[in-house]
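Chemist: Position 113 of the sequence shown, counting from 1, maps to 113 under the UniProt record's numbering, and the rest follow consecutively.
Each residue gets a CB set at the ideal place from its N, CA and C atoms; glycine is no exception.
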Amino acid sequence: MFCGIVAGEVPAFRVADEPDGLAFLDTRPVFKGHVLVVPRPHLVTLADLPPEALAGYFGLVRRLAVAVESGLGAGGTFVAMNNKVSQSVPHLHTHVVPRTKGDGLRGFFWPRTRYADDVDAQTHADRIAAVL
Numbered sequence: 001m002f003c004g005i006v007a008g009e010v011p012a013f014r015v016a017d018e019p020d021g022l023a024f025l026d027t028r029p030v031f032k033g034h035v036l037v038v039p040r041p042h043l044v045t046l047a048d049l050p051p052e053a054l055a056g057y058f059g060l061v062r063r064l065a066v067a068v069e070s071g072l073g074a075g076g077t078f079v080a081m082n083n084k085v086s087q088s089v090p091h092l093h094t095h096v097v098p099r100t101k102g103d104g105l106r107g108f109f110w111p112r113t114r115y116a117d118d119v120d121a122q123t124h125a126d127r128i129a130a131v132l
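(1) Is the number of C-beta pairs between the segment 29-45 and the segment 92-103 that are closer than 8 Å three or more?
(2) Using only alpha-carbon positions, find the residue among L25, V79, A125, R127 that is nearest to P11.
(3) Going by C-alpha distance, which of A47, V30, R63, C3 is nearest K84?
(4) So, F31 versus D103, is the Cβ gap smaller than 8 Å?
(5) CA-CA distance, A125 and E9?
(6) Could you check how far apart the C-beta atoms of T77 and R62 are, in whole angstroms? I think they sit under 8 Å.
(7) For H95, which three-state DSSP category applies?
(8) Beta carbon of L60, beta carbon of A16: below 8 Å?
(9) Would the beta-carbon of G21 fall within 8 Å of that of R40?
(10) Are A67 and V79 close, meaning C-beta to C-beta below 8 Å?
(11) Using the C-alpha atoms, what's the distance from D117 back to A129?
Laid out in structure tokens, this is it:
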């Protein structure tokens, strides 16, 4: 579906069309002005984005976050990306959602948890650091 939008075969309300990516309105927005940013090539997850494309792609995401806030008079933005789990379209995409104080969106959309103790937290940190 997103490849069709990039190719111009599927209609979309385009916000930006640049070599580093394309931005268009989400058809089921959290709030009006919710934008999706996608890279031009078909990539499924963030891990598939080549290192040399990071600056261009995330530079576009950053500029969209500023533009959504300024252009809509929003108080800020929520910028998010799902990888595999909860990724409704298998094409890398970043959500840029306008926010205003009191809009009803509270933090993350899922329950939060706690580490059992500092040892538990350090164990998780070490497991992640070990594969960097």
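Modeler: Well, looking at it:
(1) yes
(2) Position 11 of the sequence shown, counting from 1, holds the residue named residue 11. Residue L25 is the option with its Cα nearest to P11.
(3) By 1-based counting over the sequence shown, the position of residue 84 is 84. K84 has its Cα closest to that of A47, out of A47, V30, R63, C3.
(4) Position 31 of the sequence shown, counted from the start, is the residue given in the question as residue 31. Position 103 of the sequence shown, counted from the start, is the residue given in the question as residue 103. It is a contact, given that the beta carbons lie within the stated cut-off.
(5) Within the sequence shown, residue 125 is the residue found at index 125, counting from 1. Within the sequence shown, residue 9 is the residue found at index 9, counting from 1. One C-alpha to the other measures close to 45 Å.
(6) Mapped onto the sequence shown, residue 77 falls at position 77. Mapped onto the sequence shown, residue 62 falls at position 62. With 8 Å as the limit, T77 and R62 do not qualify as a contact, their Cβ atoms being about 10 Å apart.
(7) Within the sequence shown, residue 95 is the residue found at index 95, counting from 1. Shown here, H95 sits in a strand according to DSSP, grouped into three states.
(8) Along the sequence shown, read from residue 1 onward, the residue named residue 60 stands at position 60. Along the sequence shown, read from residue 1 onward, the residue named residue 16 stands at position 16. Yes, the Cβ-Cβ distance between L60 and A16 is below 8 Å.
(9) The residue labelled residue 21 in the question sits at position 21 within the sequence shown. The residue labelled residue 40 in the question sits at position 40 within the sequence shown. Taking 8 Å as the Cβ cut-off, G21 and R40 qualify as a contacting pair.
(10) Position 67 of the sequence shown, counted from the first residue, corresponds to residue 67. Position 79 of the sequence shown, counted from the first residue, corresponds to residue 79. The answer is no: Cβ separation not under 8 Å.
(11) Position 129 of the sequence shown, counted from the start, is the residue given in the question as residue 129. Position 117 of the sequence shown, counted from the start, is the residue given in the question as residue 117. So the two alpha carbons sit approximately 19 Å from each other.
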